[in-house]
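One structure is given here, and the rest of the page talks about it.
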Amino acid sequence: PTVENQINDENSLLMFVKKLIELHKSTPTLHAEADFNVLLADYPFVFERSDGDKKIFVAINPSKFKKEYMAEFEIGKVLLSQNANIEGNKVVLDGVSFVICER
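Heads up: the sequence shown begins at 124 in the numbering used here, then just goes up one per residue.
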């Protein structure tokens, strides 16, 4: 793969990393100064970041198996995800997946 090929492909690894960097830069709640609270230290690994009144929900499934997480709160807008779906308050993560949402 070359940068020239990937820059023109919205689904390329290069473009994905650019989206992730931009999300981090534009979301202070994802910065190191924000509070960090682990909700589930297992598969999936689930945590939230908070900065004042704003909260971000993150679920990561590094395993190859499908995993689910039932949140005890309403999950907001999906900011970035890969191989994951939100069904009400349930997060469904296919193998090797993640989701970052507003809360």
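We treat Cβ as the ideally placed atom computed from N, Cα and C, and that holds for glycine.
Fair warning: this is a prediction, and the values are worked out from it, not measured in the lab.
Could you name the residues of the same chain whose beta carbon sits closer than 7 Å to that of residue i, not counting the 5 residues immediately before and after it, in chain order?
i, result
"E225", "I179, G199, K200 and L202"
Which of the three DSSP states, helix, strand or coil, is assigned to residue i?
i, result
"F170", "strand"
"F188", "coil"
"K141", "helix"
"S149", "helix"
"I198", "coil"
"E156", "coil"
"N208", "strand"
"E133", "coil"
Assuming the contact rule is C-beta atoms closer than 8 Å, residue i and residue j should be a hit. Round their C-beta distance to whole Å, please.
i, j, result
"A157", "S173", "6 Å"
"F221", "N184", "7 Å"
Would you mind stating whether residue i and residue j have Cβ atoms separated by less than 8 Å?
i, j, result
"E195", "V215", "no"
Below 6 Å CB to CB, which residues in the same chain sit around residue i once its five sequence neighbours on both sides are set aside?
i, result
"V181", "F170 and I223"
"A207", "L216, S220 and V222"
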